[in-house]
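Reading the sequence shown from the start, the letters are residues 1 to 316 in full-length UniProt numbering.
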Amino acid sequence: MFDFPNLLCVRFYGGVDDISYLYVAKHVPTGEYVALKYTDLTLSPDYELIDELIRTVRNTRLCQHRNILPYWTTFVETERMWNVTYPMKIGSFRSIMQNHYPDGLSEAIVATTLREVLNAICYMHDNRMIHNDIRADNILLGDHGEIRVTGLRQMISLSQGGQFVESVFSIVGDNIEWAAPEVIAQNSNYDEKADIYSLGITAMELAYNKTPFDDWPPLKVLLSKLEFPCPAIPSQKVLSRDFYRLVNACIQKDPSLRPSAHELLEHPFLKLARSPRYLEAHLVHAITNPTSSPLSSSSPGGTTPEPQLSIADSPE
Numbered sequence: 001m002f003d004f005p006n007l008l009c010v011r012f013y014g015g016v017d018d019i020s021y022l023y024v025a026k027h028v029p030t031g032e033y034v035a036l037k038y039t040d041l042t043l044s045p046d047y048e049l050i051d052e053l054i055r056t057v058r059n060t061r062l063c064q065h066r067n068i069l070p071y072w073t074t075f076v077e078t079e080r081m082w083n084v085t086y087p088m089k090i091g092s093f094r095s096i097m098q099n100h101y102p103d104g105l106s107e108a109i110v111a112t113t114l115r116e117v118l119n120a121i122c123y124m125h126d127n128r129m130i131h132n133d134i135r136a137d138n139i140l141l142g143d144h145g146e147i148r149v150t151g152l153r154q155m156i157s158l159s160q161g162g163q164f165v166e167s168v169f170s171i172v173g174d175n176i177e178w179a180a181p182e183v184i185a186q187n188s189n190y191d192e193k194a195d196i197y198s199l200g201i202t203a204m205e206l207a208y209n210k211t212p213f214d215d216w217p218p219l220k221v222l223l224s225k226l227e228f229p230c231p232a233i234p235s236q237k238v239l240s241r242d243f244y245r246l247v248n249a250c251i252q253k254d255p256s257l258r259p260s261a262h263e264l265l266e267h268p269f270l271k272l273a274r275s276p277r278y279l280e281a282h283l284v285h286a287i288t289n290p291t292s293s294p295l296s297s298s299s300p301g302g303t304t305p306e307p308q309l310s311i312a313d314s315p316e
């Protein structure tokens, strides 16, 4: 347990949002480095936001898995909420792509990332939890290639009878592009397969640095998901058949047709997955050493280019 007086801030990383800030701190007695996030509760009178913060902490404390970002301790001091957690120094995959890989990541890196995320999802589903917000922004990379999932503010525990009772705009929030059709439709009996749909959208996001609904107005996204199959991403980037098969399996409109997280771990596409050390050598090194040759989607570790398939037309 890390107590506040024994934490020494050594680096300011910047703002997480309008009221939260992130530091790297050193725990003086042990010499270990931690991430220290503080939220200034005086900057927002929004009680719903405070409730969301409390819910995030509570949900995160329920999960103990190597691929889920832990909160080691949480405390309030002078109207600031502090969370002490594992330092994921490279950041989210969303920020990694925005800053370094505008055309998306190689298939080997996508497969490795999806495997680690699926390990976290399997743990949650085995414990009757739905993450409800899988996307690149909630997948973090550490400086040794480790991957951890975060963003548990919308998590639902089915063991507590998780019912979908709030309005679509309140529940879906800013993750409408990744939300499953049944979640948007507010069906009270949606289950873990909603995470599988989000994983399929996230797979495309990692590969292309955008979702099929990129830059769409929210209402258009809502209507499209309720009425039509998921559209393809217009792109010249060539990806493998196994990638499209995995994505197609995940984004089936009918939840019962989607595979489980455990079944996806056996998918042929994930045979491309490598170890965290591979990510450290090929992704972390390229980001932290900008003079090195950047890892592109066609670099070693990807797949041999094949004729491009659309999401809709790729074979089952």
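For glycine and all other residues, C-beta sits at the position ideal for the given N, C-alpha and C.
Practice item. Decide if residue 185 is buried, meaning its Cβ has at least 16 other Cβ atoms within 10 Å, or exposed. Key: Here the question's residue 185 lines up with position 185 in the sequence shown. Exposed, by the Cβ-count rule.
Practice item. Classify residue 105 as buried or exposed, calling it buried when 16 or more other Cβ atoms lie within 10 Å of its own Cβ. Key: Here residue 105 corresponds to residue number 105 of the sequence shown, with the count starting at 1. Residue 105 should be labelled buried.
Exercise for review: Would you check if the region 45 to 60 and the region 92 to 112 touch, i.e. whether three or more CB-CB distances between them fall below 8 Å?
Suggested key: no
Check your understanding: Under 9 Å, do residue 182 and residue 276 count as touching if we go by C-beta distance?
Key -> On the sequence shown, residue 182 is found 182 positions in, with the first residue counted as 1. On the sequence shown, residue 276 is found 276 positions in, with the first residue counted as 1. Their beta carbons are not under 9 Å apart, which means residue 182 does not touch residue 276 by this criterion.
Check your understanding: Taking the DSSP output, what are the residues bridged to residue 74?
Key -> On the sequence shown, residue 74 is found 74 positions in, with the first residue counted as 1. Answer is 83.
Review point. For the region 137 to 150 against the region 77 to 92, are there 3 or more C-beta pairs whose distance is under 8 Å?
Key: yes
Practice item. List the endpoints of the continuous alpha helix (DSSP H) containing residue 221. Key: As a working mapping, residue 221 is identified with position 221 in the sequence shown. 218 to 227 is the extent of the alpha helix (DSSP H) around residue 221.
Check your understanding: Going by the CB atoms, is the gap between residue 286 and residue 145 shorter than 9 Å?
Key -> Residue 145 sits at position 145 when you count from the first residue of the sequence shown. Residue 286 sits at position 286 when you count from the first residue of the sequence shown. Their beta carbons are not under 9 Å apart, which means residue 145 does not touch residue 286 by this criterion.
Exercise for review: Find the nearest neighbour of residue 111 within the set 252, 289, 258, 240, judged by alpha-carbon distance.
Suggested key: Here residue 111 refers to the residue found at position 111 of the sequence shown. Here the closest residue by C-alpha is 240.
**Study point:** Minimum C-alpha distance to residue 245 - residue among 99, 268, 148
**Key:** Working through the sequence shown from its first residue, we reach residue 245 at position 245. Checked all of 99, 268, 148; the closest Cα to residue 245 is 268.
Exercise for review: Measure the C-alpha to C-alpha separation of residue 23 and residue 36 and round it to an integer number of angstroms.
Suggested key: Start at 1 with the first residue of the sequence shown, and residue 23 comes out as number 23. Start at 1 with the first residue of the sequence shown, and residue 36 comes out as number 36. Approximately 5 Å, taken between the alpha carbons.
Review point. Do residue 10 and residue 69 have their C-beta atoms closer together than 9 Å?
Key: For this step, residue 10 is matched to residue 10 along the sequence shown. For this step, residue 69 is matched to residue 69 along the sequence shown. Cβ atoms of residue 10 and residue 69: not closer than 9 Å.
Point to revise | For residue 24: DSSP bridge partner residues | key: Translated into the one-based positions of the sequence shown, residue 24 becomes position 24. Its beta-bridge partners are 11, 35.
Check your understanding: Tell me the DSSP bridge mates of residue 156?
Key -> Position 156 of the sequence shown, counted from the first residue, corresponds to residue 156. Residue 156 pairs with 130.
**Study point:** Residue span of the alpha helix (DSSP H) that contains residue 49, given as start and end
**Key:** The count along the sequence shown starts at 1 and reaches residue 49 at position 49. Element bounds for residue 49: 47 to 62.
**Study point:** Contacting residues, own chain, Cβ-Cβ under 7 Å from residue 12 (five flanking each side not counted)
**Key:** Along the sequence shown, read from residue 1 onward, the residue named residue 12 stands at position 12. Taken in chain order, the residues that qualify are 23.
**Study point:** Opposing strand residues paired with residue 92 [DSSP bridges]
**Key:** To locate residue 92, count along the sequence shown from 1; it is residue 92. The partner list for residue 92 (beta bridge, DSSP) reads 140.
Review point. For residue 287, does the three-state DSSP call read helix, strand or coil?
Key: On the sequence shown, position 287 is the one that residue 287 refers to. Residue state, collapsed to three classes: helix.
Exercise for review: Would you mind working out which of 195, 177, 96, 78 sits nearest residue 122, comparing C-alpha positions?
Suggested key: Taking the sequence shown and counting its residues from 1, the one referred to as residue 122 is at position 122. The candidate whose alpha carbon is nearest that of residue 122 is 195.
Exercise for review: Tell me whether the beta-carbon of residue 200 lies closer than 9 Å to the beta-carbon of residue 248.
Suggested key: Position 200 of the sequence shown, counting from 1, holds the residue named residue 200. Position 248 of the sequence shown, counting from 1, holds the residue named residue 248. In this structure, residue 248 lies closer than 9 Å to residue 200 by Cβ.
Point to revise | Beta-carbon contacts of residue 26 that lie in its chain and below 6 Å, excluding the five residues immediately before and after | key: Taking the first residue of the sequence shown as position 1, residue 26 is located at position 26. Hits under 6 Å: 8, 10, 33.
Check your understanding: For residue 40, which residues of its own chain have a beta-carbon under 6 Å away from its beta-carbon, when the five flanking residues on both sides are left out?
Key -> Here residue 40 refers to the residue found at position 40 when the sequence shown is read from its first residue. The residues are 19, 80.
Practice item. Would you mind reading off the limits of the alpha helix (DSSP H) that contains residue 149? Key: Looking up residue 149 in the sequence shown gives position 149. No alpha helix (DSSP H) holds residue 149; the beta strand (DSSP E) holding it covers 147 to 149.
Practice item. Find out if the Cβ-Cβ distance for the pair residue 212, residue 177 is shorter than 9 Å. Key: Here residue 212 refers to the residue found at position 212 of the sequence shown. Here residue 177 refers to the residue found at position 177 of the sequence shown. Yes, Cβ-Cβ distance for residue 212 and residue 177 is below 9 Å.
Exercise for review: For residue 215, name the three-state secondary structure that DSSP assigns.
Suggested key: For the purposes of this step, residue 215 is identified with residue 215 of the sequence shown, where counting begins at 1. Of the three classes helix, strand and coil, the one that applies to residue 215 here is coil, per DSSP.
Practice item. Report yes if the CB atom of residue 192 is closer than 9 Å to the CB atom of residue 135, and no otherwise. Key: For the purposes of this step, residue 192 is taken as the residue at position 192 of the sequence shown. For the purposes of this step, residue 135 is taken as the residue at position 135 of the sequence shown. No, the pair does not count as a contact, with Cβ atoms beyond the cut-off.
Exercise for review: Kindly indicate which three-state DSSP category residue 103 falls into: helix, strand or coil?
Suggested key: In the sequence shown, the residue the question calls residue 103 occupies position 103. Three-state result, residue 103: coil.
Exercise for review: Going by CA-CA distance only, name the one from 221, 197, 159, 129 that's closest to residue 174.
Suggested key: Here residue 174 refers to the residue found at position 174 when the sequence shown is read from its first residue. Cα-wise, what sits closest to residue 174 is 221.
**Study point:** C-beta atoms of residue 128 and residue 197 nearer than 9 Å
**Key:** Position 128 of the sequence shown holds residue 128. Position 197 of the sequence shown holds residue 197. Contact: no.
Exercise for review: Closer than 7 Å by C-beta to residue 159: which residues in its own chain qualify, once you throw out the five before and the five after it? Chain order, please.
Suggested key: For the purposes of this step, residue 159 is identified with residue 159 of the sequence shown, where counting begins at 1. Counting only Cβ-Cβ distances below 7 Å, and skipping sequence neighbours, we find 128.
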